[in-house]
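In my numbering, the protein residues as written are 14 to 523. Note that beta-carbon positions come from the ideal geometry of N, C-alpha and C, so glycine has one too. Just so we're clear, the structure is a prediction, and the values are computed from it rather than from any experiment. Written below as structure tokens is the structure these notes are about.
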Ligand code: FAD
Ligand code: DLZ
Ligand code: SF4
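Here is the structure:
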């Protein structure tokens, strides 16, 4: 008897494991379902991207001769509302002797899958997602017995495993990591490379209408919509990135510029995460550009490290730590997420407003905005991790819990007590001023440390260290700021506390 092969919205790869060995009479099931679209109130663009990419992928499967049962969200009144219900409906329509599904990217669905077999009455075979370079067992073995899970050592293992930028056993150029060269601010007048705007076809236009009707009250601008929705387009985006943006990717990796949402970033995360591009092929293209003398080593190594290093490491942590990971709250943060995370016009902080504006308009902001602007602010302000985690899962088109959670909870908020980061990524206004041109046009003064006009990041930074002294003082990498804080007079410390309290009350955090 044939098998049912279920493909989820972020498993849109023709070589996805659930399709391995598929017979001609097997039925592929794909389903746009209410529960997935609303378990958090995803950004409108994110839903449109997933639905359009799913519909195009189903069409490609049919062109390849596969039989596909596809559930459209427009038929949702009578249709299934969950992925399990979609599988049940498809089972009722034929005779199948098993369900095959690639492991999902979230605990929520992995736990639900455990109930499928009993509930649906057929064997369910969950196969490993081999689109990742590091499987769960390898990550567990690597993590076993280590004091800290240092990304750098994991990254070296991935370099050796993939052979990317390796000369035999040695790293290309003699060093593993060129990060120190990748911290330049962008010069005034810098013009970042142009991006390809993909135009919506009929399928995407239909999805856009549906998303506007059904999810028009979710956060974010639906239009204009220029994302790639098929692999061929994603490959064009990849090639354009390699050609135009990769050469200076390293230099401006940590830079921020007013009005520039993308700088030299690749914008490929949503495509890789949804399965339109493979992580290794992306890295191989970057390496080829280096070998051909078209991109420097600092750029190519930096880019490859993000993918085979950070991306794989973050996934490893998510599955290693399990569902309890999200329940930790090392810094005991309990504040409310300010309204301006949903509306860039509700804050006078130019840097935050800009990051939220990009997020609203593009369902995207680049790494340093996520970490050092919106993440840093939530960390310093002491916003409750659950609220911040949900915001990040909602607002980015590349956000799936396996990658969003350790980045937010661990890297940005230090809520895991130092699993992902060796110290909190906390910074005052000086850092933002050094790496961007935002402060020039800001209502606050980055030079002022206290008082109504002072940059809030300045006093919030010291208030954060002060408030968390018992929890953080022992961290070696925070010795310097704690020494400085120790020299502040009691009056200055009080002034900082009062400024922070006044400001955080005014924006509803406290
Ligand atoms: P580039 O800067 O061009 O980087 C190249 C690629 O490296 C990315 O496409 C991505 O695949 C990978 N990458 C880079 N950094 C990371 C990282 N820390 N973790 C995993 N992959 C990485 N990334 C997501 O894919 N989904 C998320 O939900 C997500 N949430 C984040 C939340 C916070 C608080 C932070 C600090 C980071 C988050 N990231 C997330 C990581 C990173 O910010 C995005 O991958 C990146 O901004 C995507 O843009 P890009 O494709 O232009 O990346
Ligand atoms: C994110 C998302 C959305 C919005 N909708 C669907 C859907 O209707 N059907 C589906 O199969 N997948 C969807 N997804 C992606 C899933 O939520 C994703 O597979 C899990 O988050 C696991 O990573
Ligand atoms: Fe951001 Fe402070 Fe600079 Fe304003 S002054 S842009 S709040 S860092």
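query, result
"Residue 137 - containing beta strand (DSSP E), residue span", "137 to 140"
"Terminal residues of the alpha helix (DSSP H) in which residue 472 lies", "469 to 480"
"Proximity test, Cβ basis, 8 angstroms: residue 92 and chain D", "In the structure shown, chain D does not exist; there is a single protein chain."
"Sequence-distant residues of the same chain with beta carbon closer than 6 angstroms to residue 220, five excluded per side", "61, 64, 65"
"Residue 180 (DSSP reduced to helix, strand or coil)", "strand"
"Cβ neighbours of residue 441 in the same chain (closer than 6 angstroms, five flanking residues each side left out)", "470, 471, 474"
"Nearest to residue 162 (by Cα), restricted to the options 477, 323, 210", "323"
"Any non-hydrogen atom of the ligand DLZ closer than 7 angstroms to residue 55 Cβ", "yes"
"Outcome for residue 417 when other beta-carbon atoms lying within 10 angstroms are tallied against a minimum of 16", "buried"
"Beta-carbon proximity list for residue 236, same chain, < 8 angstroms, skipping 5 on both sides", "221"
"Buried or exposed (CB count within 10 angstroms, at least 16 for buried), residue 23", "buried"
"Cβ contact (3+ pairs, closer than 8 angstroms) linking the stretch 390 to 409 and the stretch 253 to 270", "no"
"At least 3 beta-carbon pairs within less than 8 angstroms: the stretch 274 to 292 vs the stretch 125 to 138", "no"
"Residue 22 CB to nearest heavy atom of the ligand DLZ below 7 angstroms", "yes"
"Cα-Cα separation, residue 486 to residue 492", "7 angstroms"
"Proximity test, residue 451 beta-carbon vs the ligand SF4 heavy atom, cut-off 7 angstroms", "yes"
"Residues near residue 47 by beta carbon distance below 6 angstroms, same chain, minus five either side", "89, 94"
"Three-state secondary structure (DSSP) of residue 427", "coil"
"Nonlocal neighbours in the same chain, by C-beta distance under 7 angstroms from residue 225, ignoring five residues either side", "235"
"Those residues which DSSP pairs with residue 43 across a bridge", "83"
"Expected contact under 8 angstroms - CB spacing of residue 189 and residue 172 to nearest Å", "7 angstroms"
"Rounded straight-line distance, which links the Cα of residue 103 to that of residue 332", "30 angstroms"
"Residues bridged to residue 113 (per DSSP)", "18, 138"
"Residue environment, residue 59, which counts as buried when at least 16 other CB atoms sit within 10 Å", "buried"
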